[in-house]
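*Asks:* Have a look at this one.
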Amino acid sequence: MNEIDIKFLEDSFKKYYFNHFDLITSPERTSEREFGYQKFNSGMFRHISLKDNKELHLLFMQNIPSDVYCSNAYYAFPNSPMSEKDWKEADLIFDIDAKDLNLSCRKNHTISICNECNEISKNTSQCVKCNSTKLEKKSLPCKNCIDASKIEVNKLSNVLINDLGIDKENIHVYFSGNEGFHVYVYHSQFQQMGSKERSELVDYIMFRGAIPETFGMKKFKPNRSLFPDFNQKGWNGRFSKYVFGSKSKRSKIISELLDSGYPSFQKTLDDVSENIGVKIDPNVTMDIHRIFRLPGSINSKSGLSKILCTDLTKFDPYADACFLNDDSVEVLANCPIEFKLKNKKFGPYINQKISLPTYAAVYMICKKLATIA
Amino acid sequence: MLVLGQDEKAKYPFLADAGEYLKDKGFSLVQFGSDPVLKLSVEKALHRIKVAAAGEVYKSDLIDGQASKDYVLEREVFSFLLAIVLIKLTGMSTLIKRFALAESRRAENYLEKDLGNASNKSKIDLATRIIYDLFNIEITKENDFFVIPVSDYLKHSVTFHEREWKLINRHVENGKVFLTPDKTVRLIRKELGNYISSKIINAPKPSMIPGLENIVNELILISKKLTPTYTITTGEYPPCIKHAINVLEKGENLPHSGRFMLATFLLSKGQTVPQIVPLFKNAPDYNPRVTLYQLNHLAGTSGSATKYTCPSCEKLKTQDLCFITKECDNIINPLQFGKKRT
Chain A
1 MNEIDIKFLE DSFKKYYFNH FDLITSPERT SEREFGYQKF NSGMFRHISL
51 KDNKELHLLF MQNIPSDVYC SNAYYAFPNS PMSEKDWKEA DLIFDIDAKD
101 LNLSCRKNHT ISICNECNEI SKNTSQCVKC NSTKLEKKSL PCKNCIDASK
151 IEVNKLSNVL INDLGIDKEN IHVYFSGNEG FHVYVYHSQF QQMGSKERSE
201 LVDYIMFRGA IPETFGMKKF KPNRSLFPDF NQKGWNGRFS KYVFGSKSKR
251 SKIISELLDS GYPSFQKTLD DVSENIGVKI DPNVTMDIHR IFRLPGSINS
301 KSGLSKILCT DLTKFDPYAD ACFLNDDSVE VLANCPIEFK LKNKKFGPYI
351 NQKISLPTYA AVYMICKKLA TIA
Chain B
374 MLVLGQDEKA KYPFLADAGE YLKDKGFSLV QFGSDPVLKL SVEKALHRIK
424 VAAAGEVYKS DLIDGQASKD YVLEREVFSF LLAIVLIKLT GMSTLIKRFA
474 LAESRRAENY LEKDLGNASN KSKIDLATRI IYDLFNIEIT KENDFFVIPV
524 SDYLKHSVTF HEREWKLINR HVENGKVFLT PDKTVRLIRK ELGNYISSKI
574 INAPKPSMIP GLENIVNELI LISKKLTPTY TITTGEYPPC IKHAINVLEK
624 GENLPHSGRF MLATFLLSKG QTVPQIVPLF KNAPDYNPRV TLYQLNHLAG
674 TSGSATKYTC PSCEKLKTQD LCFITKECDN IINPLQFGKK RT
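Protein sequence lines, in the order shown, are assigned to chains A and B. Be aware that the first sequence starts at 1, since it is given in the working numbering, and climbs by one per residue. Be aware that the second sequence starts at 374, since it is given in the working numbering, and climbs by one per residue.
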């Protein structure tokens, strides 16, 4: 990114942080957390400890970071090297990202930027100009992406509340600032669990590793009375609803399953996993030393803020997480895809010089689809 | 502190305080080397260790968990305590392991019976108390099931390789896992074994008791025969590792989990970080700085200094990284591939 663009982004971010400090609150037990930040065109600064909200604000004002992060873990010595931090516990966090959902709409709003010649196109396999296959892909997620991610969040909440006994009040859903949601679970029985145990929890939530016997199918002398029923709790109940569809079909489908036999039942389980398992990023949840984007901070991949969703159904990230100002700025845009911010449509722009509100200019510059003219 | 009845001491002798028990009964260790009546207990102890060394569970003289006569009960407890003394005198860790495992299996049978004894609440209470006191797991009874918090379940089940122990294969409701008595007890088998072996390890090593030298030597011989040796049957990599290397060689993307498996496997096989780096050069997103950082992290030379080990076959299956062939021969970790126990 060139220096003029960086200067513009930094100025825009700084204004946001100055005017919207109310959106950034330091997390519970601030002094036990590890903080980190990045600046444009530079590496990560980690292992920072902060006492309180005041020090956090100072970090923003002094450094004008592109991104700010905070650990889900609590440490005795957050600013020591990893091996000396003395890990105490960590909140349970889930990452749901539209890019992991295999959505068919994705090809319509993914753009490739050629690493060799900077050509921008909608072709995702090779550069249309120089045929290079080294492409950087940028996605401008659409409403469908967000809606599909919301469905996963709801599936996740259902498992967390009903199966894992988490109070609804202790589940906080944040828009990640780009393509998905971060779901935080506080004060649960899982706080002190290590990485391996969290990985097992992930398999449960994603419906991975199920064996036929768990869902009624025995290898020898199978028996139809063992199959799950609709009123059962947990995965047995969800399995019934998905596989049998309705109560009237249950008996017929059990007969079909018994006829197809044990090996084929494993395929049924794979299908269940694919369709009703919750699509979370397993690596995120099992990492107990990770630092996560700080709520209220801007995501430099989009210029949108990571923000708490109090009403997920109504939440529209392109209106509710877009806080930058409307001041007009002239950019050179090359964005072959239309997008919508603050209920206004923009694009497509093909190598066009154009005046745009700051929030839209930032969005495109962050996606490397425009530069300051 | 648990207050144990006479029968419970025989069923769960590892809960008794060894020194105090002997003192209460008015005996000292030395007497067991010479007194012909007490020698019966020594023989029983020897038998108890031999059975454990053979991988079997010692059957006691208790009938339905009850001692028919007081001296039967005494001999049950004596033989256990003496077995520990004898094992300490051999100094063989193989014996500690085998004995602890067999004794925990034996206790497991009793715990299971006590938990499953629907008509006797006090037996159930004692069994759940033992589990709580020893392993800090709170078990409550709900209808025919024993329920424990999911986090407690996971703490113990993650070490199991069988798929049925994955949380997805359990009935989970409202933050709790529902288990039958046998599964409840099976869940703590390893800890029970650890508890018993730590009791043995931490017990002071007595000086040789005159009259027991021959028995101790006999046990040392048994133990030496038990130490397994491995023969290498093939020097080839397991299919999962071959597949991962293939993917990288073709310049295709290997998921993070696959890279983790490959790197930890090679590190465990003694390869160094500089030897492994070139494998990743073809990866579409190859970045030498990041690769080096991550490999050093896995090797434990940077970061938390934790050395990461290769994931189990079961874990790799759930990550779609397993490409099992018949050469895998029931191994549970890729690192065991091509080694045969003889």
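Glycine included, each C-beta is placed from N, C-alpha and C at the ideal position.
Alpha carbon to alpha carbon, how far is E449 of chain B from V531 of chain B?
*Replies:* If you number the second sequence from 1, residue 449 of chain B lands on position 76. If you number the second sequence from 1, residue 531 of chain B lands on position 158. Roughly 34 Å between the two C-alpha positions.
*Asks:* Are the region 342 to 362 of chain A and the region 382 to 393 of chain B touching by the rule of at least three beta carbon pairs closer than 8 Å?
*Replies:* no
*Asks:* Can you tell me whether D44 of chain A is buried or exposed? The criterion is at least 16 other CB atoms within 10 Å of its CB, across all chains shown.
*Replies:* As a working mapping, residue 44 of chain A is identified with position 44 in the first sequence. Asp is not the amino acid found at residue 44 of chain A; the sequence shown has Met there. Burial call: exposed.
*Asks:* How many whole angstroms separate the CB atoms of H529 of chain B and E485 of chain B, which I take to be in contact at a CB cut-off of 8 Å?
*Replies:* Walking along the second sequence from the start, residue 529 of chain B turns up at place 156. Walking along the second sequence from the start, residue 485 of chain B turns up at place 112. Between E485 of chain B and H529 of chain B the Cβ distance is about 16 Å, and since that is not below 8 Å, they are no contact.
*Asks:* What number of angstroms, rounded off, separates the C-alpha of I595 of chain B from the C-alpha of I582 of chain B?
*Replies:* Taking the first residue of the second sequence as 1, we reach residue 595 of chain B at position 222. Taking the first residue of the second sequence as 1, we reach residue 582 of chain B at position 209. Rounded to whole angstroms, I595 of chain B to I582 of chain B spans 20 Å at the Cα level.
*Asks:* Where D229 of chain A and P684 of chain B are concerned, what is the direct C-alpha to C-alpha distance, given to the nearest angstrom?
*Replies:* Within the first sequence, residue 229 of chain A is the residue found at index 229, counting from 1. Within the second sequence, residue 684 of chain B is the residue found at index 311, counting from 1. Computed Cα separation, rounded: 35 Å.
*Asks:* With H109 of chain A as the anchor, note down where its beta strand (DSSP E) starts and where it stops.
*Replies:* Counting from 1 along the first sequence, the entry for residue 109 of chain A is found at position 109. Unbroken run through H109 of chain A: none, as it is neither H nor E.
*Asks:* Using 8 Å as the limit for Cβ to Cβ distance, is K233 of chain A near chain B?
*Replies:* Walking along the first sequence from the start, residue 233 of chain A turns up at place 233. Output row for K233 of chain A: interface = yes.
*Asks:* In this structure, does DSSP put C335 of chain A in helix, strand or coil?
*Replies:* By one-based count along the first sequence, residue 335 of chain A stands at place 335. DSSP places C335 of chain A in strand when its eight states are reduced to three.
*Asks:* Hey, L419 of chain B and I588 of chain B: beta-carbon distance below 8 Å or not?
*Replies:* Walking along the second sequence from the start, residue 419 of chain B turns up at place 46. Walking along the second sequence from the start, residue 588 of chain B turns up at place 215. Yes.
*Asks:* Can you give me the Cβ contacts of I205 of chain A inside the same chain, cut-off strictly under 7 Å, excluding the 5 residues immediately before and after it?
*Replies:* The count along the first sequence starts at 1 and reaches residue 205 of chain A at position 205. So the qualifying residues of the chain are L156, V159, V278, I280.
*Asks:* Given that H544 of chain B touches chain A, what residues does it touch there, using C-beta distances under 7 Å?
*Replies:* Taking the second sequence and counting its residues from 1, one reaches residue 544 of chain B at position 171. Near H544 of chain B (Cβ distances below 7 Å), the residues of chain A are G234.
*Asks:* Using only CA atoms, which one of A:Q232, A:Y242, A:L257 lies nearest to K219 of chain A?
*Replies:* Position 219 of the first sequence, counting from 1, holds the residue named residue 219 of chain A. Selected option, being the one with the closest Cα: A:L257.
*Asks:* For T553 of chain B, does the three-state DSSP call read helix, strand or coil?
*Replies:* Numbered from its first residue, the second sequence carries residue 553 of chain B at position 180. Shown here, T553 of chain B sits in coil according to DSSP, grouped into three states, outside any helix or strand.
*Asks:* On the premise that G180 of chain A lies in contact with S132 of chain A, defined as a C-beta separation below 8 Å, what is that separation, rounded to the nearest angstrom?
*Replies:* Your numbering for residue 132 of chain A matches position 132 in the first sequence. Your numbering for residue 180 of chain A matches position 180 in the first sequence. With 8 Å as the limit, S132 of chain A and G180 of chain A do not qualify as a contact, their Cβ atoms being about 29 Å apart.
*Asks:* Under the rule that 16 or more other beta-carbon atoms within 10 Å means buried, what is I4 of chain A, buried or exposed?
*Replies:* Residue mapping note: residue 4 of chain A aligns to position 4 of the first sequence, counting from 1. Under this definition I4 of chain A is an exposed residue.
*Asks:* Can you check whether the CB of D95 of chain A is closer than 8 Å to the CB of E546 of chain B?
*Replies:* Working through the second sequence from its first residue, we reach residue 546 of chain B at position 173. Working through the first sequence from its first residue, we reach residue 95 of chain A at position 95. Result no, Cβ atoms of E546 of chain B and D95 of chain A do not sit closer than 8 Å.
*Asks:* To the nearest angstrom, how far is it from the Cα of N2 of chain A to the Cα of K85 of chain A?
*Replies:* Here residue 2 of chain A is taken as the residue at index 2 of the first sequence, counted from 1. Here residue 85 of chain A is taken as the residue at index 85 of the first sequence, counted from 1. About 37 Å.
*Asks:* Alpha carbon to alpha carbon, how far is L308 of chain A from K314 of chain A? Give it in angstroms, no decimals.
*Replies:* On the first sequence, residue 314 of chain A is found 314 positions in, with the first residue counted as 1. On the first sequence, residue 308 of chain A is found 308 positions in, with the first residue counted as 1. K314 of chain A and L308 of chain A: Cα-Cα distance of roughly 13 Å.
*Asks:* Since C70 of chain A sits in a beta bridge, which residues does DSSP pair it with?
*Replies:* Mapped onto the first sequence, residue 70 of chain A falls at position 70. Residue pairing of C70 of chain A in beta bridges, as defined by DSSP: A:F35, A:F292.
*Asks:* If contacts are defined as beta-carbon pairs under 8 Å, then F407 of chain B and G584 of chain B qualify, I think. What distance do you get, rounded to the angstrom?
*Replies:* Counted from its first residue, the second sequence places residue 407 of chain B at position 34. Counted from its first residue, the second sequence places residue 584 of chain B at position 211. Sequence check: residue 407 of chain B is Ser here, not Phe. With a Cβ gap of about 5 Å, S407 of chain B and G584 of chain B count as contacting.
*Asks:* In terms of residues, what are the limits of the alpha helix (DSSP H) holding T664 of chain B?
*Replies:* Taking the second sequence and counting its residues from 1, one reaches residue 664 of chain B at position 291. Residues 661 to 672.
*Asks:* Are any of the Cβ atoms in chain B nearer than 8 Å to that of Y262 of chain A?
*Replies:* Numbered from 1 along the first sequence, position 262 holds the residue referred to as residue 262 of chain A. Chain B contact via Cβ: absent.
*Asks:* Going along chain A in order, which residues have a C-beta closer than 8 Å to the C-beta of H629 of chain B?
*Replies:* Taking the first residue of the second sequence as position 1, residue 629 of chain B is located at position 256. Residues of chain A passing the Cβ test: N283.
*Asks:* Along the region 204 to 221 of chain A, where does the CB come closer than 8 Å to a CB of chain B? Name the residues.
*Replies:* Y204, F207, R208, G209, A210, I211, E213, T214
*Asks:* Quick check: the Cα distance between T285 of chain A and F239 of chain A, rounded to an integer number of angstroms?
*Replies:* Residue 285 of chain A sits at position 285 when you count from the first residue of the first sequence. Residue 239 of chain A sits at position 239 when you count from the first residue of the first sequence. Taking the straight line joining both Cα atoms gives about 24 Å.
*Asks:* Would you call the CB atoms of I337 of chain A and H47 of chain A closer than 8 Å?
*Replies:* Within the first sequence, the letter at position 337 stands for residue 337 of chain A. Within the first sequence, the letter at position 47 stands for residue 47 of chain A. For I337 of chain A and H47 of chain A, no; Cβs fall outside 8 Å.
*Asks:* Within 8 Å, do at least three Cβ pairs link the region 538 to 553 of chain B to the region 506 to 526 of chain B?
*Replies:* yes
*Asks:* Since E330 of chain A sits in a beta bridge, which residues does DSSP pair it with?
*Replies:* The residue labelled residue 330 of chain A in the question sits at position 330 within the first sequence. E330 of chain A is bridged to A:S355.
*Asks:* Going along chain A in order, which residues have a C-beta closer than 9 Å to the C-beta of L454 of chain B?
*Replies:* The sequence position of residue 454 of chain B within the second sequence is 81, counting from 1. Result: empty, since nearest Cβ-Cβ is about 36 Å, beyond 9 Å.
*Asks:* Please work out which residues of its chain come closer than 6 Å, Cβ to Cβ, to E119 of chain A, disregarding the five sequence neighbours upstream and downstream, and give them in chain order.
*Replies:* Walking along the first sequence from the start, residue 119 of chain A turns up at place 119. C127, K129, listed in sequence order.
*Asks:* Measuring CA to CA, which of B:S571, B:P522, B:L455 is closest to L507 of chain B?
*Replies:* Counted from its first residue, the second sequence places residue 507 of chain B at position 134. Nearest option by C-alpha distance: B:S571.
*Asks:* So with CB distances below 9 Å, who are the chain B contacts of D163 of chain A?
*Replies:* One-based indexing of the first sequence puts residue 163 of chain A at position 163. Within 9 Å Cβ-Cβ: V523, V545, E546, N547, G548.
*Asks:* Just checking my contact of P78 of chain A with E32 of chain A at CB under 8 Å: how many whole Å lie between their CB atoms?
*Replies:* The sequence position of residue 78 of chain A within the first sequence is 78, counting from 1. The sequence position of residue 32 of chain A within the first sequence is 32, counting from 1. Indeed, because the Cβ distance is near 6 Å, the residues count as touching under 8 Å.
*Asks:* Give the DSSP-derived three-state secondary structure of C130 of chain A in the structure shown.
*Replies:* Residue numbering aside, residue 130 of chain A sits at position 130 when the first sequence is read from its first letter. Of the three classes helix, strand and coil, the one that applies to C130 of chain A here is coil, per DSSP.
*Asks:* Please classify T698 of chain B as buried or exposed, where buried requires at least 16 neighbouring CB atoms within 10 angstroms.
*Replies:* As a first step, residue 698 of chain B is located in the second sequence; it is residue number 325 there, counting from the start. Sixteen is the threshold: since fewer than 16 other Cβ atoms of the shown chains lie within 10 Å of the Cβ of T698 of chain B, the residue is exposed.
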